[in-house]
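Here is the structure we will look at, set down as C-alpha coordinates.
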Amino acid sequence: MNKRIFGIITAAVIIAGTVPAVSAAEVTYITNEAELRAVANNLSGSYALANDIVLTGDWEPIGADPSTPFTGTFDGGGYSISGLTIKENTFRYAGLFGATNGAVIENLSIDNCNINTDEVGTEYYIGAVTAYNTGGTIRNCTVTGDVNMTMRSSRFLWGIPLDMTDAYGGGIAGYNTGVIERCNVGANVSVHSDYYAAFAGGIAGYSTDEGRISECQLLGGVAAYSATGITHGGAGGITSHNYGTIENCCVKAYIATSGNYANSGGITSRNGGKISNCFYYGTVRSMIIWQMFPETSSGNMASENNGTIENSYYITETGSTGESTVSGEGEGAEKIPEGSAGDMAMYPSLDFGTIWLIAEDGKPGLRNVKHVEAVKVDVPVYEEPDAYFGIVVDAGDGKQTVITVMNDGKLRFTRSDNGTETELSAGDTPELPPGVYLIGQ
(Lines of atoms letter the chains of each structure in order from A and count residues from 1; the text may use other names and numbers.)
(Lines give C-alpha, C1' and ligand atoms only; values in the text may rest on other atoms or scores of the structure.)
Protein backbone atom coordinates (compact mmCIF):
# COMPACT_ATOMS: atom_id res chain seq x y z
CA MET A 1 0.00 0.00 0.00
CA ASN A 2 1.26 3.47 -0.84
CA LYS A 3 1.52 5.70 2.19
CA ARG A 4 0.81 9.33 1.37
CA ILE A 5 2.39 11.60 3.94
CA PHE A 6 1.50 15.25 4.28
CA GLY A 7 3.61 17.87 5.97
CA ILE A 8 1.21 19.95 8.08
CA ILE A 9 1.89 23.32 9.60
CA THR A 10 -0.41 23.98 12.55
CA ALA A 11 -0.43 27.06 14.77
CA ALA A 12 -2.90 28.09 17.43
CA VAL A 13 -3.83 31.74 17.22
CA ILE A 14 -4.85 32.50 20.78
CA ILE A 15 -6.50 35.82 20.18
CA ALA A 16 -8.72 34.74 17.32
CA GLY A 17 -8.98 31.13 18.48
CA THR A 18 -8.48 29.90 14.91
CA VAL A 19 -6.09 27.60 13.06
CA PRO A 20 -4.50 28.84 9.83
CA ALA A 21 -4.81 26.93 6.54
CA VAL A 22 -2.76 23.75 6.03
CA SER A 23 0.27 23.88 3.73
CA ALA A 24 1.07 20.44 2.37
CA ALA A 25 3.63 18.80 0.12
CA GLU A 26 2.69 15.23 -0.78
CA VAL A 27 5.25 12.44 -0.80
CA THR A 28 4.49 8.88 -1.90
CA TYR A 29 6.44 6.29 0.07
CA ILE A 30 7.46 3.14 -1.80
CA THR A 31 7.63 -0.18 0.03
CA ASN A 32 7.74 -2.85 -2.72
CA GLU A 33 8.49 -3.57 -6.38
CA ALA A 34 4.93 -2.97 -7.60
CA GLU A 35 4.85 0.47 -6.04
CA LEU A 36 8.21 1.29 -7.58
CA ARG A 37 6.99 0.33 -11.03
CA ALA A 38 3.90 2.48 -10.47
CA VAL A 39 6.07 5.61 -10.38
CA ALA A 40 5.79 5.50 -14.17
CA ASN A 41 2.10 6.41 -13.79
CA ASN A 42 2.90 9.84 -12.32
CA LEU A 43 6.17 11.20 -13.67
CA SER A 44 5.96 14.51 -11.81
CA GLY A 45 5.36 13.11 -8.33
CA SER A 46 7.53 13.14 -5.21
CA TYR A 47 8.65 9.73 -3.99
CA ALA A 48 10.74 8.20 -1.21
CA LEU A 49 11.81 4.65 -0.43
CA ALA A 50 10.64 3.28 2.91
CA ASN A 51 12.88 0.18 2.82
CA ASP A 52 15.22 -1.84 0.62
CA ILE A 53 13.65 -3.30 -2.53
CA VAL A 54 14.74 -6.40 -4.44
CA LEU A 55 13.57 -6.50 -8.06
CA THR A 56 12.44 -9.88 -9.32
CA GLY A 57 11.83 -9.30 -13.03
CA ASP A 58 13.26 -7.43 -15.99
CA TRP A 59 12.97 -3.71 -15.49
CA GLU A 60 11.09 -1.23 -17.69
CA PRO A 61 12.66 2.24 -17.28
CA ILE A 62 10.60 4.98 -15.65
CA GLY A 63 10.19 7.87 -18.11
CA ALA A 64 10.61 6.23 -21.49
CA ASP A 65 12.48 9.00 -23.31
CA PRO A 66 13.12 12.78 -23.27
CA SER A 67 9.62 13.44 -24.60
CA THR A 68 8.08 11.77 -21.52
CA PRO A 69 10.72 12.18 -18.78
CA PHE A 70 10.53 11.82 -15.03
CA THR A 71 10.36 15.38 -13.66
CA GLY A 72 9.67 14.78 -9.97
CA THR A 73 11.80 13.93 -6.94
CA PHE A 74 12.99 10.55 -5.74
CA ASP A 75 14.64 10.16 -2.33
CA GLY A 76 16.17 6.76 -1.68
CA GLY A 77 16.43 7.53 2.03
CA GLY A 78 19.71 5.58 2.18
CA TYR A 79 17.96 2.38 1.06
CA SER A 80 18.86 0.19 -1.90
CA ILE A 81 17.27 -1.16 -5.05
CA SER A 82 18.99 -4.40 -5.98
CA GLY A 83 18.70 -6.66 -8.99
CA LEU A 84 18.04 -3.96 -11.59
CA THR A 85 18.10 -6.02 -14.80
CA ILE A 86 17.59 -4.75 -18.35
CA LYS A 87 18.37 -7.08 -21.23
CA GLU A 88 15.76 -6.18 -23.80
CA ASN A 89 16.60 -4.21 -26.94
CA THR A 90 13.32 -2.29 -26.87
CA PHE A 91 14.53 0.66 -24.76
CA ARG A 92 16.55 3.46 -26.35
CA TYR A 93 17.00 4.88 -22.84
CA ALA A 94 17.87 2.14 -20.37
CA GLY A 95 18.28 2.62 -16.62
CA LEU A 96 16.20 2.81 -13.47
CA PHE A 97 14.92 5.98 -15.11
CA GLY A 98 14.96 6.23 -18.88
CA ALA A 99 15.00 10.02 -19.09
CA THR A 100 14.82 12.73 -16.43
CA ASN A 101 14.27 16.46 -16.84
CA GLY A 102 14.84 18.78 -13.89
CA ALA A 103 14.37 15.83 -11.54
CA VAL A 104 16.12 15.33 -8.21
CA ILE A 105 17.27 11.79 -7.42
CA GLU A 106 19.24 11.33 -4.23
CA ASN A 107 20.34 9.07 -1.36
CA LEU A 108 19.93 5.88 -3.38
CA SER A 109 21.96 2.68 -3.81
CA ILE A 110 21.55 0.53 -6.92
CA ASP A 111 23.19 -2.78 -6.10
CA ASN A 112 24.09 -5.65 -8.41
CA CYS A 113 22.62 -4.02 -11.47
CA ASN A 114 22.82 -5.87 -14.77
CA ILE A 115 22.19 -3.62 -17.73
CA ASN A 116 23.41 -5.61 -20.71
CA THR A 117 21.62 -4.42 -23.82
CA ASP A 118 22.14 -5.48 -27.42
CA GLU A 119 20.58 -2.77 -29.54
CA VAL A 120 20.00 -2.29 -33.25
CA GLY A 121 19.40 0.98 -35.06
CA THR A 122 19.63 4.56 -33.89
CA GLU A 123 21.38 6.19 -30.90
CA TYR A 124 20.99 4.49 -27.53
CA TYR A 125 21.75 5.56 -23.96
CA ILE A 126 22.32 3.58 -20.77
CA GLY A 127 22.94 4.61 -17.16
CA ALA A 128 22.16 2.81 -13.92
CA VAL A 129 20.32 5.78 -12.39
CA THR A 130 19.15 7.46 -15.59
CA ALA A 131 20.02 7.06 -19.23
CA TYR A 132 19.47 10.76 -20.01
CA ASN A 133 19.73 13.49 -17.36
CA THR A 134 18.54 16.90 -18.56
CA GLY A 135 19.07 19.74 -16.11
CA GLY A 136 18.39 17.61 -13.06
CA THR A 137 20.38 16.71 -9.95
CA ILE A 138 21.64 13.26 -8.97
CA ARG A 139 23.35 13.20 -5.59
CA ASN A 140 24.50 10.73 -2.94
CA CYS A 141 23.92 7.67 -5.14
CA THR A 142 25.97 4.48 -5.43
CA VAL A 143 26.02 1.83 -8.13
CA THR A 144 27.50 -1.67 -8.21
CA GLY A 145 27.31 -4.28 -10.95
CA ASP A 146 27.55 -4.05 -14.74
CA VAL A 147 26.45 -1.41 -17.23
CA ASN A 148 27.10 -2.72 -20.73
CA MET A 149 25.79 -1.94 -24.21
CA THR A 150 26.39 -3.33 -27.68
CA MET A 151 25.11 -1.19 -30.57
CA ARG A 152 24.68 -2.97 -33.89
CA SER A 153 23.78 -1.80 -37.35
CA SER A 154 20.62 -3.21 -38.89
CA ARG A 155 21.67 -2.50 -42.48
CA PHE A 156 24.86 -3.49 -44.29
CA LEU A 157 26.32 -2.90 -47.75
CA TRP A 158 29.15 -5.27 -48.76
CA GLY A 159 29.70 -5.96 -45.09
CA ILE A 160 29.89 -2.28 -44.14
CA PRO A 161 27.33 -1.12 -41.54
CA LEU A 162 25.15 1.73 -42.77
CA ASP A 163 23.45 2.91 -39.57
CA MET A 164 25.03 5.96 -37.91
CA THR A 165 24.69 4.69 -34.37
CA ASP A 166 26.34 6.51 -31.49
CA ALA A 167 26.14 4.75 -28.15
CA TYR A 168 26.38 6.42 -24.71
CA GLY A 169 26.88 4.62 -21.42
CA GLY A 170 27.71 5.72 -17.88
CA GLY A 171 27.69 4.27 -14.39
CA ILE A 172 25.26 6.95 -13.20
CA ALA A 173 23.96 8.57 -16.42
CA GLY A 174 24.44 7.91 -20.10
CA TYR A 175 24.10 11.58 -21.07
CA ASN A 176 24.29 14.50 -18.66
CA THR A 177 23.36 18.17 -18.89
CA GLY A 178 22.72 18.54 -15.16
CA VAL A 179 24.45 18.03 -11.82
CA ILE A 180 25.90 14.76 -10.53
CA GLU A 181 27.49 14.99 -7.10
CA ARG A 182 28.75 12.76 -4.31
CA CYS A 183 28.15 9.54 -6.24
CA ASN A 184 30.26 6.39 -6.00
CA VAL A 185 30.39 3.69 -8.67
CA GLY A 186 31.90 0.25 -8.16
CA ALA A 187 30.94 -1.19 -11.53
CA ASN A 188 32.14 -2.10 -14.99
CA VAL A 189 30.96 0.17 -17.81
CA SER A 190 31.50 -0.90 -21.42
CA VAL A 191 30.05 0.40 -24.68
CA HIS A 192 30.41 -1.19 -28.12
CA SER A 193 29.30 0.49 -31.36
CA ASP A 194 29.32 -1.20 -34.76
CA TYR A 195 29.83 1.93 -36.78
CA TYR A 196 29.80 5.34 -35.16
CA ALA A 197 31.17 6.46 -31.80
CA ALA A 198 31.07 4.67 -28.45
CA PHE A 199 31.06 6.97 -25.41
CA ALA A 200 31.77 5.26 -22.07
CA GLY A 201 32.26 6.96 -18.70
CA GLY A 202 32.45 5.71 -15.15
CA ILE A 203 29.98 8.38 -14.01
CA ALA A 204 28.46 9.79 -17.24
CA GLY A 205 28.88 8.69 -20.82
CA TYR A 206 28.90 12.29 -22.06
CA SER A 207 28.65 15.58 -20.15
CA THR A 208 27.76 18.83 -21.93
CA ASP A 209 28.80 22.42 -21.20
CA GLU A 210 25.88 22.63 -18.76
CA GLY A 211 26.98 19.51 -16.92
CA ARG A 212 28.69 19.58 -13.53
CA ILE A 213 30.16 16.49 -11.87
CA SER A 214 31.63 16.93 -8.41
CA GLU A 215 32.84 14.70 -5.55
CA CYS A 216 32.22 11.55 -7.56
CA GLN A 217 34.31 8.39 -7.44
CA LEU A 218 34.81 5.38 -9.71
CA LEU A 219 36.20 2.07 -8.46
CA GLY A 220 35.74 -0.18 -11.46
CA GLY A 221 36.57 -0.37 -15.14
CA VAL A 222 35.55 1.51 -18.29
CA ALA A 223 35.85 0.33 -21.89
CA ALA A 224 34.73 1.67 -25.27
CA TYR A 225 34.91 -0.08 -28.64
CA SER A 226 34.08 1.47 -32.02
CA ALA A 227 34.24 -1.13 -34.76
CA THR A 228 34.62 1.12 -37.80
CA GLY A 229 33.71 4.48 -36.32
CA ILE A 230 34.71 7.64 -38.15
CA THR A 231 33.96 9.95 -35.22
CA HIS A 232 35.75 10.24 -31.92
CA GLY A 233 34.21 8.35 -29.05
CA GLY A 234 36.26 7.16 -26.13
CA ALA A 235 36.45 6.03 -22.53
CA GLY A 236 37.00 8.11 -19.41
CA GLY A 237 37.00 7.41 -15.71
CA ILE A 238 34.43 10.16 -15.07
CA THR A 239 33.03 10.81 -18.54
CA SER A 240 34.02 10.07 -22.10
CA HIS A 241 33.72 13.70 -23.21
CA ASN A 242 33.59 16.66 -20.83
CA TYR A 243 32.51 20.15 -21.86
CA GLY A 244 31.32 21.26 -18.44
CA THR A 245 32.91 21.07 -14.99
CA ILE A 246 34.54 18.14 -13.22
CA GLU A 247 35.83 18.92 -9.74
CA ASN A 248 37.02 16.95 -6.71
CA CYS A 249 36.57 13.61 -8.44
CA CYS A 250 38.51 10.40 -7.79
CA VAL A 251 39.07 7.52 -10.20
CA LYS A 252 40.78 4.24 -9.36
CA ALA A 253 40.14 2.14 -12.43
CA TYR A 254 41.41 0.62 -15.64
CA ILE A 255 40.37 2.52 -18.76
CA ALA A 256 40.55 0.96 -22.24
CA THR A 257 39.50 1.71 -25.79
CA SER A 258 39.90 -0.15 -29.06
CA GLY A 259 38.79 0.59 -32.60
CA ASN A 260 39.41 3.59 -34.82
CA TYR A 261 39.94 6.98 -33.23
CA ALA A 262 40.39 5.12 -29.96
CA ASN A 263 40.80 7.65 -27.14
CA SER A 264 40.98 7.11 -23.41
CA GLY A 265 41.72 9.19 -20.34
CA GLY A 266 41.87 8.69 -16.60
CA ILE A 267 39.28 11.42 -16.01
CA THR A 268 37.92 12.03 -19.53
CA SER A 269 38.78 11.06 -23.05
CA ARG A 270 38.31 14.60 -24.36
CA ASN A 271 38.16 17.74 -22.27
CA GLY A 272 36.61 20.94 -23.55
CA GLY A 273 35.60 22.17 -20.11
CA LYS A 274 37.28 22.45 -16.73
CA ILE A 275 38.84 19.72 -14.60
CA SER A 276 40.13 20.69 -11.16
CA ASN A 277 41.19 19.02 -7.91
CA CYS A 278 40.95 15.49 -9.29
CA PHE A 279 42.94 12.30 -8.69
CA TYR A 280 43.49 9.30 -10.95
CA TYR A 281 45.16 5.97 -10.21
CA GLY A 282 45.23 3.10 -12.68
CA THR A 283 46.18 2.20 -16.22
CA VAL A 284 44.95 3.80 -19.45
CA ARG A 285 45.15 1.88 -22.73
CA SER A 286 44.14 2.60 -26.33
CA MET A 287 44.45 0.31 -29.32
CA ILE A 288 43.69 0.59 -33.04
CA ILE A 289 42.01 -2.38 -34.67
CA TRP A 290 41.63 -1.26 -38.28
CA GLN A 291 44.10 1.03 -40.01
CA MET A 292 41.55 2.89 -42.14
CA PHE A 293 41.46 5.79 -39.67
CA PRO A 294 44.64 5.25 -37.67
CA GLU A 295 44.60 7.48 -34.64
CA THR A 296 44.68 6.49 -31.01
CA SER A 297 45.55 8.41 -27.87
CA SER A 298 45.56 8.00 -24.13
CA GLY A 299 46.13 10.40 -21.28
CA ASN A 300 46.41 10.30 -17.53
CA MET A 301 43.83 13.09 -17.18
CA ALA A 302 42.59 13.44 -20.77
CA SER A 303 43.76 12.14 -24.11
CA GLU A 304 42.96 15.52 -25.63
CA ASN A 305 42.64 18.78 -23.72
CA ASN A 306 41.10 21.88 -25.26
CA GLY A 307 39.88 23.18 -21.92
CA THR A 308 41.45 23.61 -18.49
CA ILE A 309 43.05 21.02 -16.21
CA GLU A 310 44.42 22.29 -12.92
CA ASN A 311 45.35 21.28 -9.37
CA SER A 312 45.05 17.57 -10.18
CA TYR A 313 47.21 14.50 -9.58
CA TYR A 314 47.78 11.02 -10.97
CA ILE A 315 49.63 7.78 -10.35
CA THR A 316 49.39 5.85 -13.58
CA GLU A 317 50.83 4.76 -16.87
CA THR A 318 49.45 5.19 -20.37
CA GLY A 319 49.91 3.22 -23.55
CA SER A 320 48.69 3.15 -27.11
CA THR A 321 49.24 0.82 -30.04
CA GLY A 322 48.85 1.65 -33.70
CA GLU A 323 50.00 4.35 -36.06
CA SER A 324 49.70 8.12 -35.59
CA THR A 325 49.74 7.60 -31.86
CA VAL A 326 49.70 10.54 -29.46
CA SER A 327 49.69 10.38 -25.69
CA GLY A 328 48.81 13.00 -23.12
CA GLU A 329 51.09 12.69 -20.12
CA GLY A 330 49.03 14.38 -17.45
CA GLU A 331 48.77 17.86 -18.95
CA GLY A 332 47.72 20.25 -16.18
CA ALA A 333 48.31 17.62 -13.51
CA GLU A 334 51.20 16.42 -11.38
CA LYS A 335 52.52 12.87 -11.34
CA ILE A 336 52.90 11.44 -7.83
CA PRO A 337 55.40 8.66 -7.07
CA GLU A 338 53.46 5.59 -5.96
CA GLY A 339 55.61 5.34 -2.85
CA SER A 340 54.32 8.77 -1.78
CA ALA A 341 50.66 8.04 -2.53
CA GLY A 342 49.58 8.27 1.11
CA ASP A 343 51.38 11.53 1.91
CA MET A 344 48.78 14.31 2.05
CA ALA A 345 51.54 16.89 1.61
CA MET A 346 51.94 15.65 -1.97
CA TYR A 347 48.46 16.97 -2.82
CA PRO A 348 48.46 20.62 -1.67
CA SER A 349 45.37 21.54 -3.72
CA LEU A 350 43.11 18.84 -2.27
CA ASP A 351 40.95 19.68 0.74
CA PHE A 352 41.66 16.86 3.19
CA GLY A 353 39.60 18.58 5.86
CA THR A 354 36.13 18.32 4.35
CA ILE A 355 36.31 16.55 0.95
CA TRP A 356 39.30 14.20 0.68
CA LEU A 357 40.92 11.56 2.91
CA ILE A 358 43.57 8.89 2.63
CA ALA A 359 41.55 5.75 2.00
CA GLU A 360 42.21 2.21 3.20
CA ASP A 361 44.24 1.50 0.06
CA GLY A 362 46.73 4.20 1.07
CA LYS A 363 45.70 6.60 -1.71
CA PRO A 364 43.41 9.64 -1.84
CA GLY A 365 39.67 8.99 -1.73
CA LEU A 366 36.48 10.94 -1.11
CA ARG A 367 35.06 11.16 2.40
CA ASN A 368 31.50 12.23 1.51
CA VAL A 369 30.50 9.26 -0.67
CA LYS A 370 28.93 6.03 0.50
CA HIS A 371 31.40 3.13 0.51
CA VAL A 372 31.34 0.58 -2.32
CA GLU A 373 33.75 -2.27 -2.97
CA ALA A 374 36.31 -1.78 -5.72
CA VAL A 375 35.92 -4.01 -8.75
CA LYS A 376 39.17 -5.93 -9.36
CA VAL A 377 39.64 -5.66 -13.10
CA ASP A 378 42.81 -5.28 -15.15
CA VAL A 379 42.75 -4.56 -18.88
CA PRO A 380 46.17 -5.10 -20.45
CA VAL A 381 46.73 -4.81 -24.18
CA TYR A 382 47.65 -7.91 -26.16
CA GLU A 383 49.31 -7.36 -29.51
CA GLU A 384 48.91 -10.86 -30.94
CA PRO A 385 47.27 -10.65 -34.37
CA ASP A 386 44.52 -13.03 -33.32
CA ALA A 387 43.44 -11.16 -30.20
CA TYR A 388 42.34 -7.66 -29.28
CA PHE A 389 42.13 -7.35 -25.52
CA GLY A 390 42.68 -9.67 -22.61
CA ILE A 391 40.88 -9.26 -19.32
CA VAL A 392 42.55 -10.41 -16.13
CA VAL A 393 40.14 -11.43 -13.39
CA ASP A 394 41.83 -11.74 -10.01
CA ALA A 395 40.01 -13.93 -7.52
CA GLY A 396 42.22 -12.66 -4.71
CA ASP A 397 43.66 -16.11 -4.01
CA GLY A 398 46.74 -15.88 -6.22
CA LYS A 399 44.89 -17.44 -9.14
CA GLN A 400 43.95 -15.40 -12.19
CA THR A 401 41.74 -16.09 -15.17
CA VAL A 402 42.85 -14.45 -18.40
CA ILE A 403 39.97 -13.95 -20.82
CA THR A 404 41.06 -12.98 -24.33
CA VAL A 405 38.63 -11.75 -26.98
CA MET A 406 39.70 -13.52 -30.17
CA ASN A 407 39.52 -12.25 -33.71
CA ASP A 408 36.68 -14.67 -34.50
CA GLY A 409 34.60 -13.25 -31.66
CA LYS A 410 35.15 -16.19 -29.31
CA LEU A 411 36.68 -16.07 -25.87
CA ARG A 412 39.76 -17.97 -24.70
CA PHE A 413 40.02 -18.75 -20.99
CA THR A 414 43.38 -19.38 -19.35
CA ARG A 415 43.89 -19.97 -15.64
CA SER A 416 47.15 -18.74 -14.14
CA ASP A 417 48.11 -20.33 -10.82
CA ASN A 418 51.46 -19.22 -9.42
CA GLY A 419 52.92 -18.89 -12.90
CA THR A 420 51.42 -22.13 -14.28
CA GLU A 421 48.96 -21.46 -17.09
CA THR A 422 46.24 -23.91 -18.07
CA GLU A 423 43.76 -23.34 -20.88
CA LEU A 424 40.22 -23.90 -19.71
CA SER A 425 37.39 -25.55 -21.59
CA ALA A 426 35.21 -23.01 -23.35
CA GLY A 427 32.65 -25.26 -24.97
CA ASP A 428 29.83 -22.97 -23.92
CA THR A 429 31.73 -19.77 -24.70
CA PRO A 430 29.31 -17.17 -26.06
CA GLU A 431 29.82 -15.67 -29.52
CA LEU A 432 30.92 -12.07 -29.05
CA PRO A 433 32.14 -9.43 -31.47
CA PRO A 434 35.81 -8.59 -31.03
CA GLY A 435 36.34 -5.57 -28.81
CA VAL A 436 36.70 -4.56 -25.20
CA TYR A 437 34.89 -6.49 -22.49
CA LEU A 438 35.26 -5.95 -18.77
CA ILE A 439 34.46 -8.83 -16.47
CA GLY A 440 34.39 -8.42 -12.70
CA GLN A 441 35.47 -11.01 -10.20
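Mind the numbering: the sequence shown is residues -24 to -1, 1 to 417 in mature numbering (1 follows the signal peptide of the UniProt record, and there is no 0), read in order. For every residue, glycine included, the Cβ atom is placed at its ideal position computed from N, Cα and C. It should be emphasised that the depicted structure is a prediction, and the values quoted were computed from it without experimental measurement.
With distance defined between alpha-carbon atoms, name the residue in Ile57, Asp28, Asn124 nearest to Lys63.
For the purposes of this step, residue 63 is taken as the residue at position 87 of the sequence shown. The option with the nearest alpha carbon to Lys63 is Asn124.
Could you check if Met320 is buried or exposed, using at least 16 other CB atoms within 10 Å of its CB as the buried criterion?
Counting from one through the sequence shown, the residue named residue 320 turns up at place 344. That one is exposed.
At the level of alpha carbons, what is the spacing between Gly220 and Tyr108?
Residue numbering aside, residue 220 sits at position 244 when the sequence shown is read from its first letter. Residue numbering aside, residue 108 sits at position 132 when the sequence shown is read from its first letter. Approximately 16 Å between the Cα atoms of the pair.
To the nearest angstrom, how far is the alpha carbon of Thr93 from that of Thr113?
In the sequence shown, the residue the question calls residue 93 occupies position 117. In the sequence shown, the residue the question calls residue 113 occupies position 137. Rounded to the nearest angstrom, the two C-alpha atoms are 25 Å apart.
Rounding to the nearest angstrom, what Cα-Cα distance links Ile231 and Asn27 in this structure?
Taking the sequence shown and counting its residues from 1, one reaches residue 231 at position 255. Taking the sequence shown and counting its residues from 1, one reaches residue 27 at position 51. Computed Cα separation, rounded: 35 Å.
DSSP puts Trp35 in a beta bridge; with which residues?
Mapped onto the sequence shown, residue 35 falls at position 59. Bridge partners of Trp35: none, in fact.
Per DSSP, what kind of secondary structure is Val105 in: helix, strand or coil?
Counted from its first residue, the sequence shown places residue 105 at position 129. Looking at Val105 - three-state DSSP - the assignment turns out to be coil, as it is neither helix nor strand.
Do you know offhand how far Pro356's Cα is from Ala211's?
The sequence position of residue 356 within the sequence shown is 380, counting from 1. The sequence position of residue 211 within the sequence shown is 235, counting from 1. With a pLDDT of only 47 at Pro356, under the threshold of 50, the placement of this residue in the model should not be trusted, and no figure is reported.
Can you grab the Cα-Cα spacing for the pair Asn224 / Arg115, in whole Å?
Your numbering for residue 224 matches position 248 in the sequence shown. Your numbering for residue 115 matches position 139 in the sequence shown. Roughly 14 Å separates the two Cα atoms.
With DSSP as the reference, label Thr301 as helix, strand or coil.
Position 325 of the sequence shown, counted from the first residue, corresponds to residue 301. With a pLDDT of only 37 at Thr301, under 50, the local geometry of the prediction cannot be trusted, and the value read off the model is given with reservation. In this structure, Thr301 counts as strand in the three-state DSSP scheme.
Please report how far the alpha carbon of Ile291 lies from the alpha carbon of Cys226, in whole angstroms.
Position 315 of the sequence shown holds residue 291. Position 250 of the sequence shown holds residue 226. Distance between the alpha carbons of Ile291 and Cys226: 12 Å.
Kindly give me the distance between the Cβ atoms of Thr284 and Thr244, rounded to whole angstroms, as I take these residues to be in contact under 8 Å.
Looking up residue 284 in the sequence shown gives position 308. Looking up residue 244 in the sequence shown gives position 268. 12 Å between Cβ atoms; not a contact.
Apart from the five residues just before and just after Asn218, which ones in its own chain have a Cβ nearer than 6 Å to its Cβ?
Looking up residue 218 in the sequence shown gives position 242. The residues are Ser183, Thr244, Asn247, Gly249.
Compute the distance between the beta-carbons of Asn239 and Ser202, then report whether it is under 7 Å.
What you label residue 239 is simply residue 263 of the sequence shown in a count that begins at 1. What you label residue 202 is simply residue 226 of the sequence shown in a count that begins at 1. Result no, Cβ atoms of Asn239 and Ser202 do not sit closer than 7 Å.
At which residues does the alpha helix (DSSP H) containing Glu9 begin and terminate?
Within the sequence shown, the letter at position 33 stands for residue 9. Its alpha helix (DSSP H) spans residues 9 to 13.
Tell me which residues share the same chain as Pro42 and place their Cβ nearer than 8 Å to its Cβ, disregarding the 5 neighbours each side in the sequence.
Numbered from its first residue, the sequence shown carries residue 42 at position 66. For Pro42, where only same-chain residues beyond five positions count, the Cβ hits under 8 Å are Tyr69, Ala75, Asn77, Tyr108, Thr110.
In three-state terms, what does DSSP make of Ser166?
For the purposes of this step, residue 166 is taken as residue 190 along the sequence shown, with counting starting at 1. The answer is strand: DSSP assigns Ser166 an E or B state.
Val167 and Gly145 look like a contact to me (Cβ under 8 Å); what is the Cβ gap, rounded to whole Å?
As a first step, residue 167 must be located in the sequence shown, where it is residue number 191. As a first step, residue 145 must be located in the sequence shown, where it is residue number 169. Contact flag correct, Cβ pair sits at about 4 Å.
What does a CB cutoff of less than 7 Å around Gly289 pick up in its chain, not counting 5 residues either side in sequence?
For the purposes of this step, residue 289 is taken as residue 313 along the sequence shown, with counting starting at 1. At residue 289 the sequence reads Tyr, which differs from the Gly that was named. Closer than 7 Å at Cβ, skipping near neighbours: Phe255, Ala309, Glu310, Ile312, Tyr323.
If you run the structure through DSSP and keep just helix, strand and coil, what is Met125?
The residue you call residue 125 lines up with position 149 of the sequence shown. It is a strand residue.
Short of 6 Å in beta carbon distance, which residues of its chain neighbour Glu157, apart from the five on each side in sequence? Order them along the chain.
Translated into the one-based positions of the sequence shown, residue 157 becomes position 181. Arg115, Ser190, Glu191.
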